[in-house]
Amino acid sequence: MDVGQNDTNSLPQSEDVVDLESFDERDADEAKGTIDSDTDTGIGSGKTCEHYSRLCKLKAVCCGKFYACRFCHDENNLHEMNRYIVEQIQCIKCDTEQEVRKDCTKCGVEFGEYFCSKCRLYDRDRKQFHCDKCGLCRVGPKEKFYHCDTCSACLMKELEGKHKCVVNAAKSSCPICLEYLHTSRTGLQIPRCGHMMHLKCLEEYFKSGNFTCPLCKESLLDMSKCWDRMDEACASVEMPEELRSIKLGILCQDCHKECKQHFNTEGLKCMNCGSYNTVRV
Numbered sequence: 001m002d003v004g005q006n007d008t009n010s011l012p013q014s015e016d017v018v019d020l021e022s023f024d025e026r027d028a029d030e031a032k033g034t035i036d037s038d039t040d041t042g043i044g045s046g047k048t049c050e051h052y053s054r055l056c057k058l059k060a061v062c063c064g065k066f067y068a069c070r071f072c073h074d075e076n077n078l079h080e081m082n083r084y085i086v087e088q089i090q091c092i093k094c095d096t097e098q099e100v101r102k103d104c105t106k107c108g109v110e111f112g113e114y115f116c117s118k119c120r121l122y123d124r125d126r127k128q129f130h131c132d133k134c135g136l137c138r139v140g141p142k143e144k145f146y147h148c149d150t151c152s153a154c155l156m157k158e159l160e161g162k163h164k165c166v167v168n169a170a171k172s173s174c175p176i177c178l179e180y181l182h183t184s185r186t187g188l189q190i191p192r193c194g195h196m197m198h199l200k201c202l203e204e205y206f207k208s209g210n211f212t213c214p215l216c217k218e219s220l221l222d223m224s225k226c227w228d229r230m231d232e233a234c235a236s237v238e239m240p241e242e243l244r245s246i247k248l249g250i251l252c253q254d255c256h257k258e259c260k261q262h263f264n265t266e267g268l269k270c271m272n273c274g275s276y277n278t279v280r281v
């Protein structure tokens, strides 16, 4: 099934999200964030690692080692790096160790087009902005987004008052792959039920023939055309005389109401909303 624009709503990417389209294969040293200081690592000509464009390394407080970013640290250690408490950085151009700042105290090089002192984030300019309520940086531009206090996420302003809110929806795990969503590096999507999940996970989920939310079982898409075909299928079935009078209690997983419906081998239609996304009760 194709995901229509009216069926799901996109979230802004976290600054942690990797822009896959802009990356080629890197060598092992780059993947580990151990670029040699003599390498040409100008912001416009290369990357210190596969995650960000920056000209400095962060000194992890936990182990005292320098890494290009927290992801490079986490990929090479059994513990996670707390970026918010980093106090020292190292210039890649001149190797000078110094306090967290935007440019080098010795050679004057700018460490990143974008700099956030709260997140210790350096990167190329992608119109990022820091959201205090999210506690991290988002890819903007800022004026196109607002923070939904109920969902605990920054959403496009077009969605304000037009999406279904779920308490702390962004501070939960993807119901498909179980990765924590709030700091996920993968793009997220808001289905009509409000339970956020990874866009890529959702697309694969649809390809597998699924159409209901893994959490609440509501239909994720507009299924009206499918229900019309189900009507035709049910009408074409000739039920045996002894089964025609049988009525079953059903619960609709779309409108969450109960009703009674005549038994049919093709499906049981909700008398309230017309959905066939029902279960027997």
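Residue numbering for the sequence shown follows full-length UniProt numbering, beginning at 1 and increasing consecutively.
Think of the CB as a built atom: it goes at the ideal place given N, C-alpha and C, for glycine as much as any other residue.
So, is residue i buried or exposed, given that buried needs 16 or more other C-beta atoms within 10 angstroms?
i: residue 152; result: buried
i: residue 112; result: buried
i: residue 310; result: Because the chain here runs from 1 to 281, residue 310 falls outside it and cannot be looked at.
i: residue 269; result: buried
i: residue 236; result: exposed
i: residue 254; result: buried
i: residue 53; result: buried
i: residue 264; result: buried
i: residue 180; result: exposed
i: residue 184; result: buried
i: residue 72; result: buried
i: residue 83; result: buried
i: residue 275; result: buried
i: residue 221; result: buried
i: residue 36; result: Low confidence applies here, because residue 36 scores a pLDDT of 32, under 50, leaving its location unreliable and the question unanswered by this model.
i: residue 70; result: buried
i: residue 78; result: exposed
i: residue 23; result: Any reading at residue 23 must be qualified, since the residue scores a pLDDT of 23, below 50, and its modelled position is unreliable; the value itself is stated next. Exposed: under 16 other Cβ atoms inside 10 Å.
i: residue 188; result: buried
i: residue 150; result: exposed
i: residue 135; result: exposed
i: residue 55; result: buried
DSSP state of residue i, grouped into three classes?
i: residue 148; result: strand
i: residue 51; result: coil
i: residue 245; result: coil
i: residue 78; result: coil
i: residue 95; result: coil
i: residue 65; result: coil
i: residue 23; result: Model confidence at residue 23 stands at a pLDDT of 23, short of 50, so the residue's coordinates are unreliable; what they give is reported in the following sentence. In the structure shown, residue 23 sits in coil (DSSP, three-state: anything other than H, G, I, E or B).
i: residue 101; result: coil
i: residue 262; result: strand
i: residue 255; result: coil
i: residue 230; result: helix
i: residue 28; result: Any reading at residue 28 must be qualified, since the residue scores a pLDDT of 27, below 50, and its modelled position is unreliable; no value is offered.
i: residue 58; result: strand
i: residue 268; result: coil
i: residue 275; result: coil
i: residue 165; result: coil
i: residue 154; result: strand
i: residue 281; result: coil
i: residue 236; result: coil
i: residue 219; result: strand
If I'm right that residue i touches residue j with Cβ under 8 Å, what's the distance once you round it to whole angstroms?
i: residue 59; j: residue 92; result: The pair is not a contact, with the Cβ atoms about 13 Å apart (cut-off 8 Å).
i: residue 114; j: residue 125; result: 5 Å
i: residue 137; j: residue 165; result: Contact flag wrong, Cβ pair sits at about 23 Å.
i: residue 100; j: residue 120; result: 6 Å
i: residue 257; j: residue 248; result: Actually they do not touch by this definition, with Cβ atoms about 15 Å apart.
i: residue 133; j: residue 147; result: 5 Å
i: residue 131; j: residue 107; result: Wrong, their Cβ atoms sit about 32 Å apart, outside the cutoff.
i: residue 98; j: residue 66; result: So it is not a contact: roughly 12 Å between Cβ atoms.
Taking C-alpha atoms, which residue in the options lies nearest to residue i?
i: residue 85; options: 227, 69, 118, 279; result: 118
i: residue 230; options: 278, 62, 161; result: 278
i: residue 283; options: 122, 77, 127; result: Residue 283 is absent from the model: the chain starts at 1 and stops at 281.
i: residue 143; options: 128, 133, 210; result: 128
i: residue 241; options: 262, 160, 227; result: 262
i: residue 272; options: 280, 72, 281, 251; result: 251
i: residue 190; options: 206, 178, 170; result: 170
i: residue 282; options: 131, 90, 203; result: Outside the displayed range of the chain (1 to 281) lies residue 282, so it cannot be described from this structure.
i: residue 201; options: 75, 174, 90, 96; result: 174
i: residue 87; options: 95, 68, 65, 61; result: 61
Taking Cβ positions only, does residue i come closer than 9 Å to chain D?
i: residue 270; result: Within the model displayed, chain D is absent; a lone protein chain is all it includes.
Which whole runs of the beta strand (DSSP E) in the segment 109-147 are 3 residues long or more, in chain order?
Counting whole runs of 3 or more residues, the segment 109-147 contains the beta strand (DSSP E) stretches 114-116, 121-123, 128-131, 136-139.
| task | Pick out the complete beta strand (DSSP E) segments inside the UniProt domain "RING-type" (174-217), 3 residues or longer, and give them in chain order. | result | Secondary structure remark: continuous beta strand (DSSP E) runs of at least 3 residues inside the UniProt domain "RING-type" (174-217), in chain order: 188-191.
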